[in-house]
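See structure below.
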Ligand SMILES: *[C@@H]1O[C@H](CO)[C@@H](O)[C@H](O)[C@H]1NC(C)=O
Ligand SMILES: *[C@@H]1O[C@H](CO)[C@@H](O)[C@H](O)[C@H]1NC(C)=O
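Put into structure tokens, the structure is as follows:
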């Protein structure tokens, strides 16, 4: 049985969080680290004042999907800290406006990007969690998320045995789109109890697990070669290694099948072993003197930390939490001591001192924010 939406109504006291995320609360609580939350708040304030326009609802230099993650992060932080500072962003952001206007043409806004669309579902749900915790209506947000989800579910076909296409152009099937489909499907079931979501979650994992995209190291490559339906062996971006875990964690929360957690941890452990420099995440495009990550790639490491947070929420297991706690703390420390500058922007490079090689952008600051919020809950204090 799903843990229901009523969990949203539990009050989040300052300095405490519910051990599992958002609507999926259980009775086990875990203390948030106030000092790390304070860092997150400082970075969020800078992000909002330097980059966000409440007039346009966009971040300067941002894109729809990275903006959606920033909005999700602010709500994740407010829920953790018991604050209300950025509540208006749920209304003024582009996705918040879209959700609250019943005439919104989501397919036009999404521009055919089936991966981007699913980040927006996750952000709309997080706004809904926040609003539910403050006794506000969530109907518009749940409805918009459902509309987008149904469109994405319709992008699945039997080419290469299954999978959602990366875009409506139907030229590529890849890991992130389908990892997100596993996560939105399993989370959708936990939120609504609607069997269609669970059927899709099982379908997504069955397909992913046989897709060949997880390589011998345990890391997910980018996607498939359409002509052969084999892994293309392309870049093992950090975010792919985190979103698979949060999706499997959500499916575990439904089924109680702990093998799904073991599968998730093959990839989390491989991330720590292979995608780090001195214990700090390093994207392949990160470099201590001159990074080449584009705006999308600048947010990937933080997404890994955010989705490990969501994974641990669902695993809800002290031993599994203990396994990743120090690592999450180290990411927060790297982002703070190495990445952050005197203006409280967080640079894109976490592993090299003095903001070495860092690019500064709303995506990079959001990435850092995600590392702080995740570590506040699960890192050492
Ligand atoms: C379950 O979800 C599917 C897909 O979103 C939808 O078409 C269907 O109407 C839903 N069923 C119920 C009972 O809400
Ligand atoms: C549990 O999950 C594993 C990993 O996907 C799968 O092989 C196994 O069949 C599942 N067990 C049940 C009872 O569904």
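Numbering (the working numbering), first residue to last: 21 to 401. Don't be surprised by glycine CBs; every beta carbon is placed ideally from N, CA and C.
{"Item": "When the Cα atoms are used, what is the spatial distance from residue 290 to residue 75?", "Value": "43 Å"}
{"Item": "With a threshold of 8 Å, establish whether the CB of residue 280 neighbours any heavy atom of ligand 2.", "Value": "yes"}
{"Item": "Looking only at DSSP bridge pairs, what is residue 243 linked to?", "Value": "194"}
{"Item": "Does the Cβ of residue 134 have 16 or more other Cβ atoms within 10 Å, making it buried, or fewer, making it exposed?", "Value": "buried"}
{"Item": "Suppose only complete runs of 4+ residues qualify. What are the alpha helix (DSSP H) ranges in the region 224 to 285, listed by chain order?", "Value": "258 to 275"}
{"Item": "Taking residue 196 as the reference, give the member of 171, 138, 146, 162 with the closest Cα.", "Value": "138"}
{"Item": "Anyone know if the C-beta pair for residue 114 and residue 87 falls short of 9 Å?", "Value": "yes"}
{"Item": "Helix, strand or coil: which one does DSSP assign to residue 44?", "Value": "Legend: pLDDT at residue 44 = 44, less than 50; position of this residue unreliable, no value from coordinates given."}
{"Item": "If you run the structure through DSSP and keep just helix, strand and coil, what is residue 158?", "Value": "coil"}
{"Item": "Kindly list the residues whose CB is nearer than 6 Å to the CB of residue 164, restricted to its own chain and excluding five residues on each side of it in sequence; keep chain order.", "Value": "119, 144"}
{"Item": "Go through the region 288 to 370 residue by residue and report every complete run of the alpha helix (DSSP H) that reaches 4 residues or more, in order.", "Value": "320 to 335, 338 to 353"}
{"Item": "Count the other C-beta atoms from every protein chain shown that fall within 10 angstroms of the C-beta of residue 309, then say buried if there are 16 or more, exposed otherwise.", "Value": "exposed"}
{"Item": "Looking at residue 91 and residue 147, is the spacing between their C-beta atoms short of 9 Å?", "Value": "yes"}
{"Item": "Listed by chain order, which residues have C-beta atoms less than 5 Å from any heavy atom of ligand 1?", "Value": "170, 214, 216"}
{"Item": "Please tell me whether, using a cut-off of 8 Å, the distance from the CB of residue 275 to the nearest non-hydrogen atom of ligand 2 is below it.", "Value": "yes"}
{"Item": "How far does the alpha helix (DSSP H) with residue 138 in it extend, from its first residue to its last?", "Value": "134 to 153"}
{"Item": "Do residue 285 and residue 343 count as a contact pair if the criterion is CB distance below 9 Å?", "Value": "yes"}
{"Item": "Give me the Cα-Cα distance between residue 166 and residue 207, rounded to the nearest whole angstrom.", "Value": "12 Å"}
{"Item": "Ligand 2 and residue 449: does the residue's C-beta get closer than 8 Å to at least one heavy atom of that ligand?", "Value": "No information on residue 449 is available, as it lies outside the stretch 21 to 401 that the chain covers here."}
{"Item": "Between which two residues does the alpha helix (DSSP H) holding residue 128 run?", "Value": "126 to 130"}
{"Item": "If you follow the alpha helix (DSSP H) that residue 86 is part of, which residue opens it and which one closes it?", "Value": "84 to 101"}
{"Item": "Can you tell me whether DSSP reads residue 163 as helix, strand or coil?", "Value": "helix"}
{"Item": "Do residue 350 and residue 299 have their C-beta atoms closer together than 9 Å?", "Value": "yes"}
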